[in-house]
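Enquirer: Please see the structure below; I have some questions.
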Amino acid sequence: GTNSTASSKVGWAPVFVPVHFVVPTPVVSKVVNETIDVPARGVTQRPYRCEDIKKIYLCRRAKQLLDLTCLGWGGSYCVPADKPKCSDYTKEKLCNKAIWYGKPCGWTPFGCAR
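The end of the sequence shown is residue 1501 by the numbering used here, with every number in the run present.
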């Protein structure tokens, strides 16, 4: 049957809308080409020393995020400010810029040394 009261009030016959038009569909956001660090499985511990930091992003923000005073990135881990060594630098470019107790470090075939 036709609902005569609905059509007389609006002036149109009732319209049946398929359900898939009525149900809101989830909006899929555009994927951004960037990586995020996912914590390791199991218990993740907060780094208590600069040497424990293995991500350059976290090393650069160690003071504000972890309240650790570090010199900066050494190539493999964050270099501590209290007892830095030339061997903390594992990349040639970083080693050649490093200074150990006032003396410059230098890159050798065996790694960074004084």
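Where a beta carbon is used, it is the ideal one built from N, C-alpha and C, also for glycine.
#1: Would you call the stretch 1461 to 1480 and the stretch 1435 to 1449 in contact, with 3 or more CB pairs under 8 Å?
#2: With distances taken Cα to Cα, identify the nearest neighbour of Trp1487 among Ser1474, Gln1451, Lys1478.
#3: Which same chain residues, not among the five before or five after Lys1480, have their C-beta less than 6 Å away from its C-beta?
#4: For the stretch 1457 to 1487, which segments carrying the beta strand (DSSP E) assignment without a break, of at least 3 residues, lie completely within its bounds, in sequence order?
#5: Is it buried or exposed, Pro1471, if we count other Cβ atoms within 10 angstroms and call 16 or more buried?
#6: Could you give the distance in angstroms between the alpha-carbon of Asp1439 and the alpha-carbon of Cys1499?
#7: Pull the bridge partners of Gly1493 from the DSSP assignment, please.
Expert: Judging by the given coordinates:
#1: yes
#2: Here residue 1487 refers to the residue found at position 100 of the sequence shown. Residue Ser1474 is the option with its Cα nearest to Trp1487.
#3: Position 93 of the sequence shown, counted from the first residue, corresponds to residue 1480. Excluding positions up to five away in sequence, the list is empty.
#4: 1457 to 1460, 1465 to 1467
#5: As a first step, residue 1471 must be located in the sequence shown, where it is residue number 84. Label assigned to Pro1471: buried.
#6: Indexing the sequence shown from 1 puts residue 1439 at position 52. Indexing the sequence shown from 1 puts residue 1499 at position 112. If I take the Cα positions, the gap works out to 20 Å.
#7: Translated into the one-based positions of the sequence shown, residue 1493 becomes position 106. Paired residue(s): Ala1500.
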